[in-house]
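Report on the following structure.
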Amino acid sequence: MQRIYSLLYGVSACLLLIFAACQSLERQENPLDQLTEQATEPIHVRVLWTENPANHAIVSWTTLHKLGDAHLVYYDTISHKGDLPAYAHKVAPIRNGKISIVDEDIEKGMPQGFFHHSELNNLEPAKAYYFVVQSNGKQTEEFYFRTAPDDNRPFGIIWGSDSRAGGERTLPDIVTNALPDAIEDIVLPDYTPHQARQSMNEVIAQLVEDNDEIIAFAHGADYSLTSEWRHMYWWFEDHEEIITKDNRLLPLIISQGNHEVEAGFKENFYLDKSEEGRNLDTFYYNTDLSPEVSLITLNTEISVAGDQHEWLEAALATNRKEKKWVMVQYHRPAYPAVKSFMRQTFVRVRKSFVPLFEKYNVDLVAESDGHVLKRTLPIRNNKPDTSGIVYIGEGGLGVPQRPVYDSARWYVQAPGFVQSAHHVHVIRFSKDSLHVQAIGIDGEVLDDFVREPRAKSKHAFRTQSVSR
Ligand SMILES: [Fe+2]
Ligand SMILES: [Fe+2]
C-alpha cells in the first residue's frame, strides 16, 4: 500500500512538474501574455482646438488595460527632446476615465481603453509648443503643434469628413493583450481594414508636409462606423499617419455627425467649457482661426432651432463685423448632392441655418454626409445668385463614395459640380482671397476656385481650370 501511495505521489509530482514546464514554455512562446493587465504607455496623442486656438489647446491621449496614474503633459516653446525636467510647464489632465465598452468590442478583441484630456492655457499665439505626454511612468516621444496666429498672415486648413469605413476585424488574444508597441510592430499592418481612409490620411500627410502654412484639420464628422471603441481605436491609429516627419501634430476641430451617437464620441473628443461658461459638449462653437478668420462649427445631430439658432445668429453678427472671412462647417447638408433634397434633416438645416448664412453673407459652407465630392453654385433664396453662398463637401475621407444618381439638380450646375471621388479640401485664407482646392486620393486637384472678399466684390468667384 505504502508503495502504491509513493507511486501515486511520484506520478502526481511528475504531472505537476510537466504542467508547470508547459506553462513556462507557453509563457516563453507567448511573452506578450506577461504584459496582460498592465497599464500602458500613452498612445493616440492628439491636439484639439476649440474657441481660442491662439491661446488654448486640448491635448488628449489613450492608455490601455488600466487607467494607470501619473498622467502629465510637459510642454514648452522650445524643444527639450523629451528631457522632462527641462520643460517650463506641466499640466495634469482635467479628465481621465474608462472608455465605454460594449459586447461587440469584447467580441472583436479590443483591449480596454482609457481617455485622458489636458488643457493647455495661456499659450502664446503663432508659437510652436513642444510637448511630451507621460502616463504610468512612461513617456511619448516629443511632439509639437503650433498655436493659431494673432496677425493677418496667410494660412490654410485641411477640411474633410466621412472617414468611416466598412469592414471589421476580430483581433486574436495575442493582440488584445499586447502593449501598443507590440501591436504595431507585430500585427497591426494585417489588421487595419480601412485602406481608403489610410490612403486619404497619406494624402493629408503629404499636403501638411508640403504646405507649412496649414495650421489645423477641421473634420465634418462621421469619423468611424460608430463611436464605439472597436471603431474609434482604429480611427486614432490611422490618424497618426498625419503626424509630420518632424513630429508636428495638426490640431483637430471636431464636429458631430450621425455616426457619433455613442458615448465613445464625447469620451474621446472632449471640448470642455467655452469662455462664457457654456459647455462645449453641444459641439457647436466658434473658432477664431486668426483676427481675420472665423470657423463656425454647427451640430446637425441636435436641435438646429432654439438655442443653437440663437447662438448662431449672435456668432454671425459678431464675426461678420470683425472678420474678413467667415466659414461654417457641419454634418447634414442643406444642399445634398445625392441624398433626397426633401429629407427632413436637410429641410430643417435649410430652414434654420441657411437664412442666417444669407443674412450675414457667410463666405464658405462645408457640408458632409453624402459621400461624394460637390461644389454648389452660389445660392441665395433657394436659387442661383452670384452674390450667394457656395456649399462644398460632401464627405470623402475614406468612406465608399456613392454613385451620382442625379447630376441634374439645379444647385450642382456649373460652376458647381458633383462627382464620385474620395477627396479632402485645402482652404487657404489671405487678405485678398479665399482659395479652395479639393484634392483626390492620388493627390490630384479635383476642384479649384478662389473668391475675393465680399467688401471688394459681391459676386467674386473665380474658378481655376480643373480637368474633370
Ligand atoms: Fe453622415
Ligand atoms: Fe457619412
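Sequential numbering of the sequence shown, starting at 1, is according to the UniProt record's numbering.
Quick reminder that beta carbons are idealized off the backbone N, C-alpha and C, glycines included.
Query                                                                                                                                                                              : Result
Can you find a heavy atom of ligand 1 that lies under 7 Å from the Cβ of H423?                                                                                                     : no
Does the Cβ of G396 lie closer than 7 Å to at least one heavy atom of ligand 2?                                                                                                    : no
Ordered along the chain, which non-local residues of its own chain (more than five positions away) have a Cβ less than 6 Å from that of Y360?                                      : L316, R320
Between H422 and I441, is the Cβ-Cβ spacing less than 8 Å?                                                                                                                         : yes
Given a cut-off of 8 Å on the beta-carbon distance, is the pair F341 and R375 in contact?                                                                                          : no
Output the residues surrounding ligand 1, defined as those with a CB atom closer than 5 Å to any ligand heavy atom, in chain order.                                                : D222, G257, N258, D369
Is Y285 near T297, with beta carbons less than 8 Å apart?                                                                                                                          : yes
Please report the straight-line C-alpha distance between Q28 and R230, rounded to a whole angstrom.                                                                                : Unreliable placement is indicated for Q28, whose pLDDT of 39 sits below 50; the coordinate value is still reported in the next sentence. Between Q28 and R230, the C-alpha separation is close to 29 Å.
Taking its Cβ as the centre, do 16 or more other Cβ atoms sit within 10 Å of A20, making it buried, or is it exposed?                                                              : Confidence at A20 is low in this model, with a pLDDT of 41, below 50, so its placement is unreliable and no value can be given for it.
What first and last residue would you give for the beta strand (DSSP E) that runs through I58?                                                                                     : 57-64
Can you pull the DSSP bridge partners for G393?                                                                                                                                    : K374
For R402 and V436, which I take to be in contact (beta-carbon distance under 8 Å), what is that distance rounded to the nearest angstrom?                                          : The pair is not a contact, with the Cβ atoms about 22 Å apart (cut-off 8 Å).
On the DSSP bridge list, what partners appear for M327?                                                                                                                            : L295, L364
Consult DSSP for F357 and reduce its assignment to one of helix, strand or coil.                                                                                                   : helix
Do R164 and ligand 2 come close, with the Cβ less than 7 Å from some heavy atom?                                                                                                   : yes
What residue range is occupied by the uninterrupted alpha helix (DSSP H) comprising S352?                                                                                          : 344-352
Helix, strand or coil: how does DSSP classify F449 here?                                                                                                                           : strand
For a quick check, are the C-beta atoms of D238 and N201 less than 8 Å apart?                                                                                                      : yes
Could you name the residues of the same chain whose beta carbon sits closer than 7 Å to that of G113, not counting the 5 residues immediately before and after it, in chain order? : T62, L64, I99, W229, Y233
What's the gap between the Cα of G443 and the Cα of F236?                                                                                                                          : 22 Å
Runs of 3 residues minimum, wholly inside the region 55-141: which ones carry the beta strand (DSSP E) assignment?                                                                 : 57-64, 72-76, 89-91, 95-98, 113-120, 128-135
Would you kindly report the start and end of the unbroken alpha helix (DSSP H) that includes A315?                                                                                 : 306-322
Which term fits L25, buried or exposed, when burial requires 16 or more other beta carbons within 10 angstroms of its beta carbon?                                                 : Confidence is the limiting factor: at L25 the pLDDT is only 38, short of 50, which leaves the residue's position unreliable, though a coordinate-based value still follows. Exposed, since its Cβ has fewer than 16 Cβ neighbours within 10 Å.
Checking 8 Å against the spacing of the C-beta atoms, do K324 and P453 come in under that value?                                                                                   : yes
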